[in-house]
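Quick note: the sequence shown uses full-length UniProt numbering, first residue 1, plus one each step. Glycine residues also receive a C-beta, built at the ideal position from the N, C-alpha and C atoms. Note that this is a predicted model, so its numbers are computed, not measured.
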Amino acid sequence: MPSTELWGRLHPLLVHLPIGILLFAVGLMVYGRLKKLDVEAAVSLAWGLGAASALLACGAGWLLAQSGDYDADMVARHQWAGLATAGLATLTFLLKQYRWPVAFITVGLLTLAGHYGGNLTHGQDYLFPDTRQLVEQEPAAQPAIVSQPTALQTDSVDSRDKPIIRRTFLYRDQVVPILKTKCYSCHSATKKKGGLRLDTEVFIRQGGKNGSILTAGNARKSKLFTYLLLPEGDDNHMPPKGKLQLTPQQITTIYHWIQKGASFSEQVDTLQPTRSNQLVALADVIPSLPLARSADSSHSIADEIGPRPISLESTVLARPVDAASPTTLARLTQQQVSLSKLTDGANYLSANFVNVKTYSPALLAALGEVGAQVVHLRLSGQPVTDADLDPLASLTNLTRLNLARTSITDKALTALTGLPNLEQLNLYGTAVTDEGLATLARCPNLKVVYLWQTKTTPEGIEQLQKRRPNLKIDTGTVQLARPDSTKIL
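As structure tokens, this is what we get:
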């Protein structure tokens, strides 16, 4: 790396020196005035150091701007505000009689320069996002629009034999929101890291300094997708380590969009009204995609990606469901139960008891009243007992359940065998024994179970694995994933 480029990259570090020192200088002036102390020597030293560090930061900033990765107009505003700050800081250092007014003007310019710098780094809407615009766009964020929505709710073919017209605009409704929240801060008109912009079709097709990032119809050859799967420590992993990462569902969305041809316009499909089409008209918009465990090479990525069956959760979320009772939801939220929608435009919910201060079985009974809508449930850390889980029988669409560090025993697991869509179960830190594992074997579609710090034995786990060879069992001895709620809820 050239030395000039290295100095440029030090700008975000160096720029904090004048900010801290100059604010300290003003604070020292105010303190000396209030306490009637002679701090003139210390104040002069602080202003001198602040001015010198401001000039140093300006130099590094100028070198960084030469990369061309940032919007020229925004760079100019930040640059001139920074130079003015450095100049006035120097003037304040030299002045004796008129130091106070110049000092406060310097602080004002310092604030303005910092604001412009923040816009360059995080985007113009980082501090004051346009919430009105987000609210207006929210209704459009739906996976698909079907001209005959009632057809999805029936179990029989429409007697009128009318075709189902499905309109999808994956790029606008699904891809753009992902790019906006996870990519625009570094790849947009404001900032063009690597010469790449992702805010318009033209620039996405154009690629960046290292060439094309999109191969329509082939996600495996598209850097826009494959870089998402690289280990976070890899220099090419996107978003970079430390930034907010894409969720598995968001990565799946990018994959499916590219595989479908990376269309930037609305698509219209005509489906004949068969039972299977009616049930999955929405589910096939974003199918389940297993993420690569390793991305050391393009071969390993390709091995991990391919046609896989749609997960139960995807199938559940594809079915229409009525909205939950507002009265019941209000009663739950008043007791600090966190309820959030899993997808925009749908009524399925995730219920989280982590903030509940005074737990009572009545809360689970109330949750049973909206059982059709609850897909994820987290009860970890609450004093839930075996009898409390009886209302879960009505949660027929539940796919993920977190019972970590609750007071349940083997008896509670019997209630779970009747949940047809349960795929992931966290029993970390519970009193479950080998007897409970025998019960778990009867859960029809269980795919992952976490057994950290339970009372199970290696022999019992081995027996469960024999009965359910495809079940992933995490006991903590092999680090598949630490059993916390971020993995399964």
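Boundaries cannot be given for L230, as no beta strand (DSSP E) includes it and DSSP labels it neither H nor E. If you look at V375, you'll find it in the beta strand (DSSP E) that goes V374 to R378. By the neighbour-count definition (other C-beta atoms within 10 Å, threshold 16), Y359 is a buried residue.
Counting along the chain, no beta strand (DSSP E) covers A46; the unbroken alpha helix (DSSP H) around it starts and ends at E40 to A65. With a threshold of 16 other beta carbon atoms within 10 Å, Q97 falls short and is exposed. Your pair T414 and T439 checks out as a contact, with CB atoms roughly 6 Å apart and the cut at 8 Å.
If you draw a straight line from the Cα of W62 to the Cα of A404, it comes to about 53 Å. The beta-bridge partner set that DSSP reports for H187 consists of K192. Boundaries of the beta strand (DSSP E) harbouring K341: S338 to K341, taken from the DSSP string. The DSSP-derived three-state label of K221 is helix.
Nearest in C-alpha terms to A324, of all of V375, Q335 and P469, is V375. Scanning Q206, G195, W257 and F203 for the CA closest to the CA of F225 turns up W257. Taking a 10 Å sphere around the C-beta of L6, we find fewer than 16 other C-beta atoms and assign the residue as exposed. Scanning L214, P239, C186 and G194 for the CA closest to the CA of G118 turns up C186.
For S350, the enclosing beta strand (DSSP E) has its first and last residue at L349 to N352. With 16 or more neighbouring CB atoms inside 10 Å of its own CB, A262 falls in the buried class. Distances from the alpha-carbon of I19 to those of G114, V176 and K192 put G114 closest. With three or more CB-CB distances shorter than 8 Å, the segment 409–428 counts as touching the segment 440–451. Judged by DSSP secondary structure, K243 falls outside any alpha helix (DSSP H); it is assigned neither H nor E. A Cβ-Cβ distance of about 16 Å is found for the pair L395 and I408, leaving them out of contact under the 8 Å criterion. In the structure shown, the three-state DSSP call for L416 is helix. Between L379 and N402, the CB-CB gap stays under 8 Å.
Taking C-beta separations shorter than 7 Å and ignoring five residues to either side along the sequence, the partners of Q373 in its chain run V321, A324, N347, Y348 and L349, following chain order.
Between V107 and V26, the gap from beta carbon to beta carbon is short of 8 Å. Assignment of beta-bridge partners to G208 by DSSP yields G211. Excluding its 5 nearest sequence neighbours in each direction, A393 has C-beta neighbours in its own chain below 7 Å: A415 and G418, listed in chain order.
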